[in-house]
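Numbering (numbering that gives the first Met the number 0), first residue to last: 0 to 179. Note that CB positions come from ideal geometry on N, CA and C, so glycine has one too. Only a predicted model underlies this, so the values are computations on that prediction, with no experimental measurement involved.
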Amino acid sequence: MSDKPIELFVSWSRKDKLLKNALIGSLEDHLGIIEGLTFSLWQDVELAVGLDWDEQLQQRLAGCDYGLLLLSPSFFSSVYIRERELSWFTGTTGKPMLPVMLRQVPLDGSRRTGGVELRQIFHDPLHHRAFADARDRDAFARELAEAIRRRVLSDRAGSPPTWGVMSWPTGDSPSEAAGA
Numbered sequence: 000m001s002d003k004p005i006e007l008f009v010s011w012s013r014k015d016k017l018l019k020n021a022l023i024g025s026l027e028d029h030l031g032i033i034e035g036l037t038f039s040l041w042q043d044v045e046l047a048v049g050l051d052w053d054e055q056l057q058q059r060l061a062g063c064d065y066g067l068l069l070l071s072p073s074f075f076s077s078v079y080i081r082e083r084e085l086s087w088f089t090g091t092t093g094k095p096m097l098p099v100m101l102r103q104v105p106l107d108g109s110r111r112t113g114g115v116e117l118r119q120i121f122h123d124p125l126h127h128r129a130f131a132d133a134r135d136r137d138a139f140a141r142e143l144a145e146a147i148r149r150r151v152l153s154d155r156a157g158s159p160p161t162w163g164v165m166s167w168p169t170g171d172s173p174s175e176a177a178g179a
């Protein structure tokens with residue numbers, strides 16, 4: 000087992016609270032059973048009362064191993080996220096990001112997405128749906144946990160991730176969708 004937990008800073012819009020809670024609840028379960036790795040997800044709901052909230056957020060951003068970015072129109076329209084959080088992952092600090100499509104956002108250059116659109120964004124691997132539109136949200140979280148595991152292991156090995164074939168619930172596999 001890893002000695003130090005892998006710190007994931009969860010960046011999200013308050014307007015997406017219900018979807019965020021659904022995804023994170025399931026994701027924590029799936030990350031919690033990964034052999035050899037321990038994950039810690041930090042959210043701004045854990046801010047200490049009475050202290051400078053911006054300072055606490057900036058300290059957590061500085062100390063995190065990865066940013067788990069829950070993308071949505073609300074995420075990108077948040078001035079705080081655009082000006083104070085995204086720069087940690089798209090700017091000169093270059094912290095690793097794990098962008099996840101929580102609610103669908105066009106990535107055709109017609110929206111302000113702060114450079115995130117240039118990165119591989121996790122979505123339902125079969126139907127290219129956001130979490131909000133996924134047929135099986137637990138399967139979405141399970142596959143996201145697997146993608147995070149592979150990313151962490153590849154970063155530790157200093158090599159690109161190997162993806163292989165991801166499993167999807169019965170009836171939704173790529174071969175079944177293709178009519179095989």
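C-beta atoms of residue i and residue j nearer than 8 Å
i	j	result
Ile120	Ser10	no
His29	Ala156	no
Asp15	Ser76	no
Ile5	Asp53	no
DSSP three-state assignment for residue i, whether helix, strand or coil
i	result
Leu125	coil
Gly93	coil
Val99	strand
Ile32	coil
Asp2	coil
Ala131	helix
Val164	Confidence in Val164 is poor, its pLDDT being 41 and thus under 50, which makes the residue's placement too unreliable to answer from.
Span of the alpha helix (DSSP H), counted from its first residue to its last, around residue i
i	result
Val151	136-156
Gly62	52-62
Where the beta strand (DSSP E) through residue i begins and ends
i	result
Ile5	5-10
Leu67	65-70
Ser39	38-41
Cβ shell of residue i (< 7 Å), same chain only, five flanking positions each side left out
i	result
Ser25	Arg136, Asp137, Ala140
Gly93	none
Ala146	Phe121
Cβ-Cβ separation, residue j to residue i (assumed contact under 8 Å), whole Å
i	j	result
Phe88	Met100	Phe88 to Met100, Cβ: 16 Å. No contact.
Glu84	Leu69	Incorrect: roughly 11 Å between the Cβ atoms, too far for contact.
Leu22	Asp43	Not a contact, Cβ separation roughly 16 Å.
Leu40	Arg148	Not quite, the Cβ-Cβ distance comes to about 14 Å (not below 8 Å), so this is no contact.
Val104	Thr112	7 Å
Cβ shell of residue i (< 6 Å), same chain only, five flanking positions each side left out
i	result
Ala131	Leu18, Arg102
Pro98	Leu68, Leu70, Val115, Arg118, Ile120
Leu106	Glu116
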